[in-house]
RNA sequence: GGCCCAUUCGUCUAGUGGUUAGGACAGCGGCUUUUCAAGCCGUUAACGGGAGUUCGAUUCUCCCAUGGGCUACCA
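In my numbering, the protein residues as written are 1 to 502.
In structure tokens, the structure reads:
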């Protein structure tokens, strides 16, 4: 039975790198009809916060990564928070102590730090000198009675070469002589990461440990512990790192690193999932668009790369734009509504919404036709309010000069506006669709013998006040007859004013 | 400093002992067009270096260089 896990530590917001690791663990489990587990590694009580745990769990849910066992869900190996499993570590620690595989170290933090500093200064590898490794029972007793606090160190066997075959990297070997007797617990009831992780992975019957490359150096420590207890060493797969543009490990300084920040910026979970999956994995062909369900079928560890991948925001934007365009209008609309509310353009009224400036009610179809204006144009949902400001504001602010199309004489532009005005007038309010508008407008432009631009450009500017926007037909239809006609009038006035001044 | 890992277009990557080294994003150019976006067409751009093995290496081996990770009483 394949059992994988993501073991985040709630000492910060849900990190993109953790999310990607979670995704790969999830995909590998799903692909192999296995079980995906979430385990919260909060042995560091000082730095762990509930707030961060919530953020992580919410992030996973947002991405659609469901865990089979874990916080909230429970499971046969509950509990899934290390802070709630503390009692289960102590016997294992005792077991090691009995075998003299673990010994108390009375060196203080300060002493160790000083020792390390000296070593670094003299260009020596920073290593634990082993002062407490061979203390006699009486020496220990003396230390203890003098009130010195101690930690528990694991005794590393010397002169051994450890080897594992990593599913991504192939054979990895480690010389135990380069390892320190590391601290596995602050005390018998306060285990540290490298120890707790081994016990938990064993108790939770984790078959495959899929994690970031930064954990490669933890492999030998964990193997040694597995051996000490007689546990079967799990399978390993170490994922390449996600990097900043300067090729260092993805960090806050250079990127938004917290997953949920991407949500607030208007990225879709589908896009993030697709993008993250392709950071270090590929299907072996040219295909790039995958839903989570499709990835569950396609994923394989064999096709994971070895080298780190830069987090390319532009590519993410592209994926996001693709998913925005591919989404159904009702769904997209519901994704966009919070942003329109946040910007203050619309307010919620029970089940429906209204425009905040004039209190006008917006039907579901109206809302959808507004959103449709930008569906093909935005890369992030966040962009939607700014782009649509002209739909919600009363008075447009723009320079009259913007109404001029390609140095056309002002008189011609005025004429163009006139044609636009009369064309719009001829269409009844209930036939005010983009198609009818386009037909009518183009017909009249043609019979007037004018160029499209002389009419359509100023019309569009009159309606939006913008140099770039959707077509005047779409915009007019969304604005409605009354408002679009008014705006043409306003534009004419602007032009009048402008030329009158000259 | 020590240990470990990596190296194909700017970026994500495919790929093979003999390929015009392929795709995608970004860029650039064009078509379309009232603008933007989209779409379509085209285009710039890569096998880190040196030995060796071989008839032939981007591909296999070794060395070097470069980059990265770890080196906590964090995880």
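Each residue gets a CB set at the ideal place from its N, CA and C atoms; glycine is no exception. Because the structure is a prediction, the values reported are computed rather than measured.
Backbone secondary structure at residue i - three-state DSSP
i	result
residue 55	helix
residue 503	Here the chain comprises residues numbered 1 to 502, so residue 503 is not present and cannot be evaluated.
residue 102	strand
residue 448	coil
residue 338	helix
residue 41	coil
residue 70	strand
residue 230	coil
residue 149	coil
residue 443	helix
residue 65	coil
residue 281	strand
residue 386	helix
residue 183	strand
residue 309	strand
residue 291	coil
residue 204	coil
residue 400	helix
residue 127	coil
Close-in-space but distant-in-sequence residues of the same chain around residue i (CB under 8 Å, 5 per side omitted)
i	result
residue 2	28, 29, 32, 33, 34, 35, 207, 208
residue 62	259, 260, 263, 269
Rounded distance between the beta-carbons of residue j and residue i, thought under 8 Å
i	j	result
residue 283	residue 298	5 Å
residue 55	residue 260	6 Å
residue 521	residue 199	The requested residue 521 is not part of the displayed model; the chain covers only 1 to 502.
residue 477	residue 432	6 Å
residue 419	residue 371	So it is not a contact: roughly 30 Å between Cβ atoms.
residue 495	residue 403	6 Å
residue 178	residue 159	With 8 Å as the limit, residue 178 and residue 159 do not qualify as a contact, their Cβ atoms being about 11 Å apart.
residue 185	residue 93	6 Å
Per DSSP, cross-strand counterpart(s) of residue i
i	result
residue 353	348, 362
residue 211	238
residue 249	243
residue 162	174
residue 304	281
residue 155	DSSP output for residue 155 lists no bridge partner at all.
residue 191	185
residue 4	36
residue 379	Bridge partners of residue 379: none, in fact.
residue 258	15
residue 116	Residue 116 pairs with nothing; no bridge assigned.
residue 81	40
Own chain, CB closer than 7 Å to residue i, minus 5 neighbours either side, in chain order
i	result
residue 306	168, 169, 240
residue 464	390, 475
residue 107	131, 132
residue 301	28, 167, 168, 237
residue 440	423, 426, 427
residue 201	209, 234
C-alpha gap between residue i and residue j, whole angstroms
i	j	result
residue 72	residue 18	19 Å
residue 449	residue 487	24 Å
residue 191	residue 252	29 Å
residue 328	residue 382	18 Å
residue 75	residue 84	14 Å
residue 38	residue 49	16 Å
residue 236	residue 215	10 Å
residue 317	residue 344	25 Å
residue 86	residue 4	21 Å
residue 45	residue 356	47 Å
residue 245	residue 276	16 Å
residue 98	residue 156	16 Å
residue 422	residue 410	18 Å
residue 445	residue 58	55 Å
residue 22	residue 211	8 Å
residue 154	residue 180	9 Å
residue 128	residue 315	45 Å
residue 385	residue 65	30 Å
residue 324	residue 333	10 Å
residue 104	residue 140	8 Å
residue 505	residue 194	An answer regarding residue 505 cannot be provided, because it is not within the stretch 1 to 502 covered by the chain.
residue 367	residue 335	12 Å
residue 434	residue 360	22 Å
residue 152	residue 95	13 Å
Beta-carbon contacts of residue i that lie in its chain and below 6 Å, excluding the five residues immediately before and after
i	result
residue 172	164, 166
residue 223	162, 233
residue 69	37, 75
residue 497	none
residue 515	Because the chain in this structure spans residues 1 to 502, residue 515 falls outside the shown range and cannot be described.
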